[in-house]
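Below you'll find the structure, written out as structure tokens, and then a few comments.
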Amino acid sequence: MQTNFTSEQLADPEIEIAEKILRSCVHCGFCTATCPTYVILGDELDSPRGRIYLIKDMLENDKPATDDVTLHIDRCLSCLACMTTCPSGVDYMHLVDHARTRIDKTYQRPKIDRWTRTLLAKVLPDRDRFRWLLVAAAFVRPFSGIINLVPGLKRFAAMLDLAPKRPPLRLASAERHVFSPPQERKARVALLRGCAQSVLDPGINEAAIRLLTRNGIEVVMTENEGCCGALVHHMGRSEESHIQARQIIDAWTAELNGEGLDAILVTASGCGTTIKDYGFMLRLDPAYAEKAARVSALAKDISEYLDTLDLGEPEVPSHLNVAYHAACSLQHGQQITVAPKALLSNAGFNVSEPAEAHLCCGSAGTYNMLQPELSSQLRDRKVANLEAVEPDIIAAGNIGCLTQIAHGTDLPVVHTVELLDWAYGGPTPSNLAGGRSKTS
Ligand code: SF4
Ligand code: SF4
């Protein structure tokens with residue numbers, strides 16, 4: 004694609020990168036077919052190519068974000084299916100990240116939109132605030148149908164619908180913890196504690212810790228570890244996301260410089276994609292560029308790491324039918340497609356994939372709260388495809404997808420690592436044991 008930036012514009016390193024990305028697009032349109040919003044809406048401006056044109060116009064002409072640019076960029080899920088499809092290797096992720104930051108800086112959103120975004124940005128990444136919000140939401144939840152009828156409050160109704168019926172009773176500890184293996188230590192890893200996941204389902208990381216320590220891996224959860232920054236990053240609040248990233252980089256760097264780490268593991272693939280991108284995010288920060296790149300190089304999804312271990316023979320041959328939902332952040336963001344299915348299959352599960360496996364479930368960070376109509380359509384389409392393979396269980400590797408899909412089906416929806424822990428001697432996952440229903 005031909006571009007017309009001035010040399011003055013190109014002196015800005017962010018514009019320099021954006022220009023390179025824009026030039027790599029040959030406007031072939033292959034990406035449109037796999038873009039969920041284009042599939043649903045059929046509007047070129049809601050396709051990757053259309054969005055690229057909108058971004059090009061905004062950046063080349065040095066314009067503030069318009070209503071049109073904001074509407075169509077806001078509708079993008081950042082699912083990155085377009086990057087998997089694109090034959091020219093267009094780095095859409097960094098282009099749309101840049102566009103979201105520009106929208107945040109130059110577009111005056113309506114008041115209710117600003118308040119909603121501020122509420123999400125201040126509450127979701129903070130475990131204590133999020134937990135208290137869920138406690139409050141549990142009381143208001145029965146009125147979500149009425150709230151949904153009030154103009155301007157549809158997003159709050161969507162948030163209430165997504166909140167668990169029963170507020171979380173326990174919160175994973177925020178202190179430093181070292182989980183040592185019972186036998187000789189083979190490796191030492193850090194495990195991301197996470198923000199929303201540790202409130203919604205602390206059992207996921209507990210399953211990972213059991214499985215890892217049984218296999219001789221020491222696991223450390225560091226202190227002073229907040230949100231990884233992914234949630235606000237996808238809202239265009241880049242300065243806030245960089246502050247959160249620096250905090251967690253400091254926590255892991257202290258551990259790296261202490262006893263050392265062989266890997267940094269993540270059980271929420273949405274967070275993993277962002278952590279693997281820290282090196283890029285902080286490349287212009289002289290104090291953090293090197294540390295960020297080091298952390299990114301060590302970051303691994305839990306399935307990616309488990310795939311390097313010999314887990315032995317499963318203790319609970321289940322032969323249950325598992326429909327594997329590939330989270331976009333895992334399949335498109337990190338290109339991890341084979342390991343989770345192979346691990347489940349080796350553990351004794353009959354694994355199948357639904358039709359349209361490349362399409363997003365509509366969760367996408369805060370998307371299901373900010374774009375509830377589009378998100379519900381994608382969820383219902385995903386659930387129909389998953390249920391069509393007649394599984395006993397639906398498995399996925401990202402808390403956002405687990406929550407989203409669970410609100411559209413009565414089937415148990417379980418994290419991949421919980422199934423693996425169970426198969427190799429751990430307890431039955433709470434969703435299967437009847438201890439936790441889909442919305443409790
Ligand atoms: S597939 Fe790639 S090169 Fe073709 S229009 Fe989409 S982003 Fe551009
Ligand atoms: S990230 Fe997803 S929703 Fe956004 S343009 Fe690409 S395929 Fe479409």
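Sequential numbering from 4 applies to the sequence shown in this note's numbering.
Just so you know, even glycine gets a beta-carbon here, dropped at the ideal spot from N, CA and C.
In this structure, Leu-83 has its CB closer than 7 Å to one or more heavy atoms of ligand 2. Spanning the alpha carbons of Met-96 and Ala-329 requires a straight line of approximately 18 Å. The beta carbon of Tyr-95 sits closer than 7 Å to at least one heavy atom of ligand 2. Inter-residue distance for Val-192 and Met-4 is about 44 Å (C-alpha atoms, whole angstroms). The beta carbon of Glu-307 sits closer than 6 Å to those of Ile-339 and Ala-342, all from its chain and outside the five residues before and after it, given in chain order.
The beta-carbon separation of Ala-350 and Leu-423, rounded to 5 Å, stays under the 8 Å limit for a contact. Residue pairing for Met-238: DSSP places it in no beta bridge. With distances taken between CA atoms, Asn-324 lies nearest to Glu-356 out of Glu-356, Ile-20 and Leu-312. Beta bridge pairing from DSSP links Ala-326 with Ser-355 and Ile-397. Residues of the same chain with a CB within less than 8 Å of the CB of Leu-98, apart from the 5 flanking positions on each side, are Ala-21, Ile-24, Leu-25, Ile-55 and Ile-58 in chain order.
One Cα belongs to Val-354, the other to Lys-344, and the distance between them is close to 7 Å. Proximity of the beta carbon of Gly-53 to ligand 1 is not indicated: no heavy atom of the ligand is located closer than 7 Å. By the CB criterion at 8 Å, Leu-137 and Ala-161 fall outside the cutoff.
The C-beta of His-322 has fewer than 16 other C-beta atoms within 10 Å across all chains shown, which makes the residue exposed. Measuring C-alpha to C-alpha distances from Gln-186 to each of Ala-199, Leu-203 and Asn-218 identifies Asn-218 as the nearest. Comparing C-alpha distances from Leu-285 to each of Ile-246, Leu-301, Trp-255 and Gly-92 shows the shortest one belongs to Ile-246.
Between the stretch 102-117 and the stretch 139-147, the count of C-beta pairs closer than 8 Å stays below three; the two stretches do not touch. Check the Cα spacing between Val-223 and each of Glu-243, Arg-249, Ser-244 and Arg-188: the tightest is with Arg-188. In summary, Asp-46 is exposed, with fewer than 16 beta-carbon neighbours lying within 10 Å of its beta-carbon over all protein chains present. Fewer than three beta-carbon pairs drawn from the stretch 108-115 and the stretch 229-238 are found closer than 8 Å, and the two stretches are therefore not classed as touching.
Taking the Cα positions, Cys-198 is about 42 Å away from Thr-9.
For Thr-369, the closest of Ser-81, Gly-53 and Pro-16 by C-alpha to C-alpha distance is Ser-81.
In the same chain as Leu-312, and ignoring 5 residues on each side of it, the C-beta atoms closer than 7 Å to its own belong to Asn-218, in chain order. Sequence-distant Cβ neighbours of Lys-303 in its own chain, meaning closer than 8 Å and more than five residues away, are Ala-266, Ile-267, Leu-268, Val-269 and Gly-275. Contact annotation, Asn-401 with Ala-271: C-beta distance approximately 6 Å; criterion of less than 8 Å satisfied.
Distances from the CA of Ile-305 to each of Asn-371, Leu-287, Gly-273 and Ser-378 were compared; the closest alpha carbon is that of Gly-273. Rounded to the nearest whole angstrom, the C-alpha separation of Glu-226 and Leu-234 is 20 Å. Nearest to Ala-84 by alpha-carbon distance, out of Ala-300, Leu-194, His-236 and Ala-367, is Ala-367. Counting along the chain, the unbroken beta strand (DSSP E) around Arg-191 starts and ends at 190-194. Residue pairing from DSSP leaves Glu-17 without any beta-bridge partner.
Cβ-Cβ separation between Val-392 and Leu-405: approximately 18 Å, too far for a contact (criterion under 8 Å). For Phe-146, the secondary structure class from DSSP, reduced to helix, strand or coil, is helix.
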